[in-house]
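Undergrad: Before anything else, here's the structure in question.
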């Protein structure tokens, strides 16, 4: 898995590439925790290149969502691959995350 | 200074000795003089006293003779009084009624006055002479007596001493006392004699009676006092004792206090006047006895002081003259010592030792300056070389691969510890293709930069020459030829290279004079890898090299090392040696490559503790994990064995990828399998075992029919039936959402069928999924 962080005027875009699983979720955890602790509470996760996520990964995303919501910030996802979208559906996470089909649409909410 | 102090001490001792000795002599001289003077004075006094004794004695003898009348005697006595200037008066005193029956007192007395000789009868009621000393004592003692000094009131009316001689008449055969004949001497008679005695400036003589009554004492006005009282007024016991002895008629010389009006310490010489029992003393102040002597010593001290002072000045002047050039030289040397090599040395013109010393210093200064210049240049050059050596070391270490391949077929680790900044050892490993791993180790003879360069060339040649298209020994031969060609320093390198087919474990290897590597078997047995009998590289162009093949089995470990390991020395100059190496290795068969490598290096270090590392230590360890042990292949069945460690997840990913390709699974299905297996696997890793140990678990994949896949996952952990676990609540708000149970939820949702059974001590989960 590879994480690319990009700061824009509106928010921070975190781009996840590859598999997000039990062996590497801690990298994402650290990245998101650092951002939130530095008061970067407007976060957009770009998922177009994320081709796998397991419950460990979902746990991190859920944690980030909770923390950002508490800080009155915004945490949204965009461009989920179909497979990933299915996992979100099955887990019920699609109900609690704001998910946008494209980055442009997602950026509008900030 | 020490010399001066010594001199001073010697002078002082001599001085004190002289003083004590001289004062003793002086005192003795004083005593002798005083004795002589005393004796002389006593003689003069006796000269007065003797006749005064003789005349009355003779007259009494005459008086005792029958027929001689008292009148005649009185007349003779009177003539003597007139003749003798010392005799003041004379009396013939009778016992009562001896002269006549009527006269109780009869004492005719002739005496001198200023207006001539008078005569009178002394006896009367007012002058009852019978009780006076001059009458009473001779009567009592039956012999002539000198009285103590007394004032003869009613008699001579003067201060006097009286010599009384008793006279007797024989009556009826008995001597009967009849009276006394006296001669009075005025005490002033002795004044002249005593006063004429002069000792030093203020010394004098004095005369005292037997009882201490003062007869003449020039210094003290109070005459008629007792000398004992005077002595008692002073505090000296010595003085009282001396006076006591003096009054006993002894002779002596003592130091006394308080006997003089001035009360100054004095010396007293005393001796008796034999005829009267008086005592004459000569007293003189101590100060005056020594006055000349002290004056002399004062002058001596001044002379002495002048001498010492002039010696001192002369010494200082000479010393300064000698030391000034030396201290200048010392100053200059200090400056040189502080690094000022241009410090001017003092110019010393005379041709003595100092100028020789100065010349020697000048030569030393120049040589030192030159030496330091050279040293500075050398040091700069050395520092430059050292920093270059450090850079070379960094470059050299950079050439060695440190990213060990993360292939499951092998576990590889290598370490090189240089003895000097740059060494001649090398190791290398690289893949020739996806299945062929080349490992190599070498040791260039020699150390330092040339060895390092040679090592670099060898490594470059290794990488460029070894390929799968030619056999290993041919490649080694080419490397050798290239090294021989460009080898002006006649260097060589022992070298060992092997190519392992990771699929089969077959290894082809070639040894060019290197120590034979070891294979550590699964049961702990350590075996040598056979030799291929090649010379080290870089020696002969035409040397042939051969290679051999051996089979490495799964779990066996290849160990390459350089002689820095086996020839490491300890403080007893013993080698680490092959035995110790083999012994250590045989316990390490279950360790990882990294552990084995570090353990061996650590053991060598511990062995050679305290001894400088003599040679590079290089170790390369490769564990062949094998290809076909974890997976079982068949067309429709694949089995994979995993350890309960998270990093084993990779194997699941690999095997899912494999069956997806083989059985044509849609990407969605393979992703689901991935997800489900990961969730189950992580559950087992986190929760199935509490003992922290490694455990195996199996996953079997089976294509049971067209489009159906069945997966059995078996572990030996705690019983866990996932079907009984509740799944997540979808309607709970965000704050209450938990991730627990999500995995199992995925399993149930994504699989078509999920079964659980407990088979003995095993959990068996059976998953079924249609995929077409």
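Chains as they are written, first to last, in my numbering: chain R, 45 to 154; chain E, 644 to 1415. Don't be surprised by glycine CBs; every beta carbon is placed ideally from N, CA and C. Note that the structure is a prediction, hence the values are computed from the model and not measured.
To which residues does DSSP link residue 736 of chain E through a beta bridge?
TA: Answer is E:823.
Undergrad: Is the beta carbon of residue 1067 of chain E closer than 8 Å to that of residue 1095 of chain E?
TA: Result yes, Cβ atoms of residue 1095 of chain E and residue 1067 of chain E sit closer than 8 Å.
Undergrad: Going by C-alpha to C-alpha distance, which of E:724, E:844, E:762 and E:739 sits closest to residue 805 of chain E?
TA: Checking every option, the nearest Cα to that of residue 805 of chain E belongs to E:724.
Undergrad: How many angstroms separate the CA atom of residue 1319 of chain E from the CA atom of residue 1390 of chain E?
TA: In a straight line, the C-alpha of residue 1319 of chain E is about 5 Å away from that of residue 1390 of chain E.
Undergrad: Just confirm the distance between the C-beta atoms of residue 799 of chain E and residue 732 of chain E, as a whole number of angstroms; I'd bet it's less than 8 Å.
TA: That pair is a contact at about 5 Å.
Undergrad: Using only alpha-carbon positions, find the residue among E:940, E:796, E:953 and E:1053 that is nearest to residue 1077 of chain E.
TA: When only C-alpha atoms are compared, the closest one is E:1053.
Undergrad: On a CA-only basis, which of E:905, E:926 and E:851 is nearest residue 891 of chain E? Give me that one, please.
TA: Of the listed residues, the one whose Cα sits closest to residue 891 of chain E is E:851.
Undergrad: Counting only Cβ-Cβ distances shorter than 9 Å, please list the residues of the region 1306-1317 of chain E near chain R, keeping chain order.
TA: Cβ contacts with chain R come from 1310, 1311, 1314, 1315 and 1317.
Undergrad: Between the region 106-126 of chain R and the region 77-93 of chain R, do three or more beta carbon pairs fall short of 8 Å?
TA: Enough Cβ pairs lie closer than 8 Å, so yes.
Undergrad: Quick one: Cα of residue 1193 of chain E to Cα of residue 1151 of chain E, how far?
TA: Approximately 7 Å, taken between the alpha carbons.
Undergrad: Quick check on residue 754 of chain E: does DSSP put it in helix, strand or coil?
TA: If DSSP states are grouped into helix, strand and coil, residue 754 of chain E belongs with the strands.
Undergrad: Is residue 593 of chain E helix, strand or coil by DSSP?
TA: No information on residue 593 of chain E is available, as it lies outside the stretch 644 to 1415 that chain E covers here.
Undergrad: Going straight from the alpha carbon of residue 830 of chain E to that of residue 790 of chain E, what length do you get?
TA: Answer to the nearest angstrom: the Cα atoms are 12 Å apart.
Undergrad: Going along the chain, which residues of its own chain have a beta-carbon closer than 7 Å to the beta-carbon of residue 1236 of chain E, five neighbours each way excluded?
TA: Within the same chain, residue 1236 of chain E has close Cβ partners 1054, 1055, 1056, 1264, 1265 and 1266.
Undergrad: Beta-carbon within less than 8 Å of residue 1298 of chain E's beta-carbon, same chain only, minus the 5 sequence neighbours each way: which residues are those?
TA: Once the five neighbours on either side are set aside, the close Cβ partners of residue 1298 of chain E are 1274, 1281, 1283, 1342 and 1344.
Undergrad: Give the DSSP-derived three-state secondary structure of residue 699 of chain E in the structure shown.
TA: Correct three-state label for residue 699 of chain E: helix.
Undergrad: Which complete beta strand (DSSP E) runs does the region 800-845 of chain E hold, if anything under 3 residues is left out?
TA: Segments of the beta strand (DSSP E) lying fully in the region 800-845 of chain E: 802-814 and 817-829.
Undergrad: Give me the chain R residues within the contact set of residue 1388 of chain E, using Cβ-Cβ distance strictly less than 9 Å, ordered along the chain.
TA: Per Cβ cutoff of 9 Å: 99, 134, 135 and 136.
Undergrad: By the 10 Å Cβ neighbour count, where 16 or more other Cβ atoms means buried, how is residue 734 of chain E classified, buried or exposed?
TA: So residue 734 of chain E counts as buried.
Undergrad: Determine the closest residue to residue 964 of chain E out of E:1121, E:995 and E:1008, with distance taken between C-alpha atoms.
TA: Among E:1121, E:995 and E:1008, the Cα nearest to that of residue 964 of chain E belongs to E:995.
Undergrad: Which term fits residue 1330 of chain E, buried or exposed, when burial requires 16 or more other beta carbons within 10 angstroms of its beta carbon?
TA: That one is exposed.
Undergrad: How do the region 806-818 of chain E and the region 834-841 of chain E stand: do at least 3 beta-carbon pairs fall below 8 Å, yes or no?
TA: The region 806-818 of chain E, when compared against the region 834-841 of chain E, does not touch it at the 8 Å Cβ threshold.
Undergrad: So, helix, strand or coil for residue 1338 of chain E, using DSSP?
TA: Three-state DSSP puts residue 1338 of chain E in coil, outside helix and strand.
Undergrad: Quick check: is the beta carbon of residue 52 of chain R nearer than 8 Å to any beta carbon in chain E?
TA: No - not a single Cβ of chain E is within 8 Å of the one on residue 52 of chain R.
Undergrad: Per DSSP, which residues does residue 1070 of chain E bridge with? Please list them.
TA: Answer is E:1084.
Undergrad: Can you determine whether any heavy atom of the ligand NAD sits closer than 7 Å to the C-beta of residue 1156 of chain E, and answer yes or no?
TA: Looking for the ligand NAD in the displayed structure turns up nothing, as the structure carries no ligands at all.
Undergrad: Say whether chain E places a C-beta atom closer than 8 Å to the C-beta of residue 96 of chain R.
TA: By this cut-off, residue 96 of chain R is an interface position.
Undergrad: Among residues of its own chain, excluding the 5 on either side of residue 1218 of chain E, which ones have a beta-carbon nearer than 6 Å to its beta-carbon?
TA: If we look at residue 1218 of chain E and ignore the five residues flanking it on each side, its Cβ neighbours are 1210.
Undergrad: Which chain E residues are close to residue 65 of chain R, counting only those with a beta carbon under 7 Å from its beta carbon?
TA: Correct list: 1292 and 1321.
Undergrad: For a cutoff of 8 Å on Cβ pairs, would you count residue 1385 of chain E as touching chain R?
TA: Yes, its Cβ sits closer than 8 Å to a Cβ of chain R.
Undergrad: Have a look at the DSSP bridge pairing and note the partners of residue 49 of chain R.
TA: Residue 49 of chain R is bridged to R:58.
Undergrad: With a threshold of 8 Å between beta carbons, is residue 1300 of chain E in contact with chain R?
TA: It does not; no Cβ of chain R falls within 8 Å.
Undergrad: Which parts of the region 1210-1245 of chain E are runs of the alpha helix (DSSP H), unbroken and 4 residues or longer, counting only runs that do not cross its ends?
TA: Segments of the alpha helix (DSSP H) lying fully in the region 1210-1245 of chain E: 1220-1228.
Undergrad: If you pair each beta-carbon of the region 968-979 of chain E with each one of the region 998-1014 of chain E, do three or more pairs fall below 8 Å?
TA: The region 968-979 of chain E vs the region 998-1014 of chain E: in contact.
Undergrad: Take residue 1061 of chain E and list the residues in its own chain whose beta-carbon comes closer than 7 Å to its own, dropping the five residues that flank it on each side.
TA: If we look at residue 1061 of chain E and ignore the five residues flanking it on each side, its Cβ neighbours are 1036 and 1259.
Undergrad: Do residue 1138 of chain E and residue 1155 of chain E have their C-beta atoms within less than 8 Å of each other?
TA: Yes, they are a contact pair.
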